Structures are given as C-alpha cells and as structure tokens.
Amino acid sequence: MTLQSLTIRRPDDWHVHLRDGEMLERVARHTSKQFARAIIMPNLVPPVTSVDAASAYRDRIRAASGEGFEPLITAYLTDEADPAELARGFEEKIWVAAKLYPAGATTNSASGVTNIRNIYPALEKMQAIGMVLCVHGEVTDPEIDVFDREGVFIDRVLEPLVDDFPDLKIVFEHITTAEAADFVRDAPATVAATITPQHLHINRNALFAGGLRPHAYCLPVAKREHHRLAVRAAAVSGSAKFFLGTDSAPHARSAKESACGCAGIFNAPYAMESYAAVFEEEDALDRLEGFASEHGPNFYGVPLNEDRVTLERVDQIVPEEVGGLVPFHAGETLKWRFAGG
Ligand code: DOR
Ligand code: ZN
112 MTLQSLTIRR PDDWHVHLRD GEMLERVARH TSKQFARAII MPNLVPPVTS
162 VDAASAYRDR IRAASGEGFE PLITAYLTDE ADPAELARGF EEKIWVAAKL
212 YPAGATTNSA SGVTNIRNIY PALEKMQAIG MVLCVHGEVT DPEIDVFDRE
262 GVFIDRVLEP LVDDFPDLKI VFEHITTAEA ADFVRDAPAT VAATITPQHL
312 HINRNALFAG GLRPHAYCLP VAKREHHRLA VRAAAVSGSA KFFLGTDSAP
362 HARSAKESAC GCAGIFNAPY AMESYAAVFE EEDALDRLEG FASEHGPNFY
412 GVPLNEDRVT LERVDQIVPE EVGGLVPFHA GETLKWRFAG G
C-alpha cells in the first residue's frame, strides 16, 4: 500500500542563507516553518566576523523567524581570523561553527581566505575546543574548469587539512560530485557533508534547458548526471556522514535574471517536499528521518528535536513566485506537502 503520510522527528537545516534586513524578513519564516534549527551562513556585507556582530545578527533572525526556531550562527573566517575571538564566541554560545570561504569562490566571499595556511592558528583553536569547520569546497584558480573545482579542492586542500587536523570536525558543504561523496564516505568520522535539494534533482543540463536558466544556477554548479546519481546514493545510503543542508540562497529576481546573474537557489519554501520526492524515488522514505533529523545533530553534538512533523501525500503546484522570489521547482507539481507538527 502506498504511504499516505510520513511523520518524522522535526528536521534541522544545516546550511542556509537568511540574509539580513528586508530579505531576512521575506525569507526567514519559510525556514522556521519546517526546521527547528538552522546553521546560518555568515556571508553578509560586511561578513560576520566578530562575536558582537554575530550576537546582534542572531537577535534579528530570532525576531524575523518567530518563536520555536533556533538560529545557529557561524563565524566567517578571514585571513585575519582571531583564535581568541573564535573561542570566546564559542564559549559564550553565540556561534557554533566557522565557515571557510576560499576568497572569491562565491557570493560575498571577497573577504574569504586566500591561503588555508593563514587560518591554521584558528583551526588549531577550533580543533582544541570542538568547534565545527564548515567548508565551501571549491578552488578559485581560474585555470581550473568550473566543473572540476570541487574535485581539485579535495586533492589540494581538503585531504591535507584532514591529515593536519585529525580531530577537527569538518563539514564539506553542498557536495556535488562522486569524488566528494566517495571522499566523505572513506574519510574519518570527523568528516561529514551536507547535501542540497537541487543537487539531488538537477544535473548541469538544467542550466541550459531550452535557453539559459538563471534559477538553476548555484555554486557549486550542478554537475553531470553520474555525479547527481552518486550524491543521491550518498544521501539515501543511511550513512550518518550525510545530512540535510538546503543552501537556500535567495537573490532578488532582478539579480538572478541579469547579464551576470547571482549564484543561489531559493529552495526554503518547499525544502522538505523536495527531499521527500527524492527519498521516495529512491525507495528510501524510511531513511529520510536519519538524513533530515538525526545525522546532523549527532555530528554537531546537539540533542535531537523532540517534536514531530508530518508530510502528507498531496499534490501541490509550486507557484512561480514566493514573496517576489522564484522558488526551486517553480511551476512543478510536488507529491508531498509539509503539514507541520
Ligand atoms: O549558490 C550559492 N549561493 N552558493 C554559495 O556558495 C553562496 C550562495 C549565496 O550566498 O548566494
Ligand atoms: Zn551556502
């Protein structure tokens, strides 16, 4: 008999961009509706580098997202990252992790790290205190083909990093390739990965389907079909190393539909529906709860959520716009509906 509804522990989103100001007001409740907690990425302008900035940002998110949602703040690592400031924010429970953006890799990463060696003192401290390192895993070398930048990052940066910091907890964010899935699977238990809805649903053809499709563009960019299938296999494998991180990254419609369109897919409004579609297609709905609600908290060392949410089997057409933004799956029919707790 076909399953008509699915009740699971409330999920968390281990990678999201909520922005600030008016955009924060527009998007925050889409995330807080589905998820109990979320790792908030710090790529604002200026970036979130100080404890005070992080604390004020957390207050603004709490105000915008409403009751019952806990934003988990991250620090933005620059070449000047201060180990003492990182430790202070961690001890005061203002932030739980720090994000490594290679300088120039993506949206608002200009203040990012130019050479991983520059943050070795910060990483030593993070390793010592148990603070998680979130990694945007792409090299920025213009000589490297954009579709190869994740694979080359593994060889040039991530492998040496894991060797040099055997006790540092590392999340390889939004993996897009078979190489990344294999690397994480075979790495020590200190290494995990988040997986987005879009990298489970689309391959690089989606960027060029009948014309240039800016709403399918994100970074890391979607890859060939065999990579999508490998990332899917990792997500539904049941391995505790892989967990949910939407990378929902809203940009104004005009900034997407532009001669130089911004990278980012706004998937928050239908995130759980999107993941459920994949797990059902892979005949793995029984593994959705681990991926969405258990593996992430266990890796970060925080308690599981106690309340439950239900997904119902109801067709719903995703609107062309949500709050003036174009959502992932716009115009498509999704077979599940998030019905809350
Ligand atoms: O597509 C992306 N959008 N990838 C990122 O790494 C950053 C994000 C954003 O902030 O817009
Ligand atoms: Zn991101």
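Per our numbering, numbering of the sequence shown is gapless, rising by one per residue and ending at 452. In this text, a Cβ means the ideal position worked out from N, Cα and C, and glycines have one as well. Since this is a predicted model, take the numbers as computed values, not measurements.
For residue i, does the three-state DSSP call read helix, strand or coil?
{"i": "His326", "result": "helix"}
{"i": "Phe439", "result": "coil"}
{"i": "Ser359", "result": "strand"}
{"i": "Thr225", "result": "coil"}
{"i": "Pro157", "result": "coil"}
{"i": "Val207", "result": "strand"}
{"i": "Thr301", "result": "coil"}
{"i": "Ala341", "result": "helix"}
{"i": "Leu188", "result": "coil"}
{"i": "Asp252", "result": "coil"}
{"i": "Glu283", "result": "According to the sequence as given, residue 283 is Phe; it is not Glu. Phe283 falls in the strand class under three-state DSSP."}
{"i": "Lys352", "result": "coil"}
{"i": "Phe377", "result": "strand"}
{"i": "Pro331", "result": "coil"}
{"i": "Gln115", "result": "coil"}
{"i": "Arg148", "result": "strand"}
{"i": "Pro194", "result": "helix"}
{"i": "Pro271", "result": "helix"}
{"i": "Ile172", "result": "helix"}
{"i": "Arg130", "result": "coil"}
{"i": "Phe180", "result": "coil"}
{"i": "Thr421", "result": "strand"}
{"i": "Leu318", "result": "helix"}
For residue i, verify whether its CB is less than 7 Å away from any heavy atom of ligand 2.
{"i": "Asp275", "result": "no"}
{"i": "Ala360", "result": "yes"}
{"i": "Met134", "result": "no"}
{"i": "His128", "result": "yes"}
{"i": "His285", "result": "yes"}
Can you find a heavy atom of ligand 1 that lies under 7 Å from the Cβ of residue i?
{"i": "Thr118", "result": "no"}
{"i": "Glu154", "result": "The residue asked about is misnamed: residue 154 is Asn in this sequence, not Glu. Indeed, a heavy atom of ligand 1 lies less than 7 Å from the Cβ."}
{"i": "Asn314", "result": "no"}
{"i": "His247", "result": "yes"}
{"i": "Cys329", "result": "yes"}
{"i": "Asn378", "result": "no"}
{"i": "Ala374", "result": "yes"}
{"i": "Thr218", "result": "yes"}
Between the Cα of residue i and the Cα atoms of the options, which residue gives the shortest distance?
{"i": "Pro299", "options": "Asp275, Asp358, Asn378, Pro182", "result": "Asp275"}
{"i": "Ala382", "options": "Ser365, Gly451, Gly200", "result": "Gly451"}
{"i": "Arg324", "options": "Gly407, Ile150, Val224, Ala370", "result": "Ala370"}
{"i": "Ser385", "options": "Ala195, Asp131, Leu311, Val332", "result": "Leu311"}
{"i": "Phe449", "options": "Ala379, Gly132, Val347", "result": "Ala379"}
{"i": "Gly132", "options": "Asp170, Arg148, Ile119, Arg121", "result": "Asp170"}
{"i": "Thr118", "options": "His126, Thr421, Val429, Pro430", "result": "Thr421"}
{"i": "Ala457", "options": "Ala289, Ile265, Ala216, Ile227", "result": "This structure leaves residue 457 out entirely; the chain is present only between 112 and 452."}
{"i": "Asp278", "options": "Phe264, Phe402, Val302", "result": "Val302"}
{"i": "Ile184", "options": "Pro194, Leu269, Ile172, Ile151", "result": "Ile151"}
{"i": "Leu73", "options": "His126, Gln115, Ala388, Asp394", "result": "No information on residue 73 is available, as it lies outside the stretch 112 to 452 that the chain covers here."}
{"i": "Arg140", "options": "Arg120, Ser166, Glu181", "result": "Glu181"}
{"i": "Arg130", "options": "Ser359, Pro408, Arg315", "result": "Ser359"}
{"i": "Asp297", "options": "Ser350, Ala209, His326", "result": "Ser350"}
{"i": "Asn219", "options": "Pro153, Lys446, Glu443", "result": "Pro153"}
{"i": "Asp266", "options": "Lys446, Ala341, Glu249", "result": "Glu249"}
{"i": "Leu272", "options": "Phe294, Ser222, Ile172", "result": "Phe294"}
{"i": "Pro331", "options": "Val224, Arg260, Ala221", "result": "Arg260"}
{"i": "Pro430", "options": "Phe377, His406, Arg173", "result": "Phe377"}
{"i": "Glu405", "options": "Val389, Phe354, Asn316, Ser161", "result": "Phe354"}
{"i": "Phe254", "options": "Val263, Val246, His247", "result": "Residue 254 is actually Glu in this sequence, not Phe. When only C-alpha atoms are compared, the closest one is Val263."}
{"i": "Gly407", "options": "Phe283, Ser161, Ala291, Ile172", "result": "Phe283"}
{"i": "Ala233", "options": "Lys204, Ile205, Ala186", "result": "Ala186"}
{"i": "Gly434", "options": "Leu135, Thr189, Thr225, Phe402", "result": "Leu135"}
Cβ contact check for the stretch 408-417 and the stretch 435-449: 3 or more pairs under 8 Å: Output reads no: the stretch 435-449 does not touch the stretch 408-417.
Contact between the stretch 174-181 and the stretch 156-165 (3+ Cβ pairs under 8 Å): Taking a contact to require three or more Cβ pairs closer than 8 Å, the stretch 174-181 and the stretch 156-165 do not qualify as touching.
Cβ contact check for the stretch 338-346 and the stretch 356-369: 3 or more pairs under 8 Å: No contact exists between the stretch 338-346 and the stretch 356-369.
Cβ contact (3+ pairs, closer than 8 Å) linking the stretch 236-247 and the stretch 191-202: Touching, yes.
The stretch 286-298 / the stretch 208-228 touching (three or more Cβ pairs under 8 Å): The stretch 286-298, when compared against the stretch 208-228, does not touch it at the 8 Å Cβ threshold.
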